[in-house]
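One structure is given here, and the rest of the page talks about it.
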Amino acid sequence: DLRFILRVAIARICAVRCRVDELVLLRKQYAMTIENEGEKLYCSLNEGVTAVLRLSADCPMLKGSAFVDQLIGTGGWDAKELELIRTKLNSGDYKGAVQVMDALVAEIKSFGYQQKTPHLPVREMR
1 DLRFILRVAI
11 ARICAVRCRV
21 DELVLLRKQY
31 AMTIENEGEK
41 LYCSLNEGVT
51 AVLRLSADCP
61 MLKGSAFVDQ
71 LIGTGGWDAK
81 ELELIRTKLN
91 SGDYKGAVQV
101 MDALVAEIKS
111 FGYQQKTPHL
121 PVREMR
């Protein structure tokens, strides 16, 4: 039936539009790179953690469509700490990557994060 095909095509176009908007917002808030046409994202945080996110085809339209595939720590992070954080984040139903990253930042803060990597001072412009 032609109506079914049109309905599915329109739904896919809406999903792609929502995903692009989500990725633009994520890029504004976090340092990130994209792989596999937006299925895999690498987001880096000042806290010395890089999150590898996976997005389903329906992201960000369905809950559970964004999750943390891997957390990579630098500058003193323990693998057990990162696995605990990853497990806790993946137990939540997040619609999009921005929600996942916001939850990750909050979880790192509640985890009692101590500065583990040095930050360069911000240079004032005159």
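All the letters of the sequence shown, read from the start, carry residue numbers 1 to 126 under this note's numbering. Glycine residues also receive a C-beta, built at the ideal position from the N, C-alpha and C atoms.
Requested in this report: Tell whether a beta-carbon distance below 8 Å holds between I108 and I72.
Outcome: Residue 108 sits at position 108 when you count from the first residue of the sequence shown. Residue 72 sits at position 72 when you count from the first residue of the sequence shown. Cβ atoms of I108 and I72: not closer than 8 Å.
Query raised in the report: Where DSSP assigns a beta bridge to F67, which residues make up the other side?
Result: One-based indexing of the sequence shown puts residue 67 at position 67. F67 is bridged to R54.
Query raised in the report: Comparing alpha-carbon positions, which option in V68, L82, G96 lies nearest T74?
Result: Residue mapping note: residue 74 aligns to position 74 of the sequence shown, counting from 1. For the residues V68, L82, G96, the minimum Cα distance to T74 belongs to L82.
Query raised in the report: From what residue to what residue does the beta strand (DSSP E) around C43 run?
Result: Reading the sequence shown from its first residue, position 43 is the one you call residue 43. Its beta strand (DSSP E) spans residues 40–44.
**Report entry** Touch test, the segment 41–54 against the segment 13–30, Cβ-Cβ under 8 Å, three pairs minimum
**Finding:** yes
Report task. Give the straight-line distance between the Cα atoms of K88 and I5, rounded to the nearest whole angstrom. Result -> Against the sequence shown, residue 88 aligns to sequence position 88. Against the sequence shown, residue 5 aligns to sequence position 5. The straight-line gap from Cα to Cα measures roughly 39 Å.
Query raised in the report: For V52 versus D78, is the C-beta spacing smaller than 8 Å?
Result: As a first step, residue 52 must be located in the sequence shown, where it is residue number 52. As a first step, residue 78 must be located in the sequence shown, where it is residue number 78. No.
Report task. Excluding the 5 residues preceding and the 5 following T33 in the sequence, name in chain order all residues of the same chain whose CB lies nearer than 8 Å to its CB. Result -> Here residue 33 refers to the residue found at position 33 when the sequence shown is read from its first residue. Excluding positions up to five away in sequence, the list reads L41, Y42.
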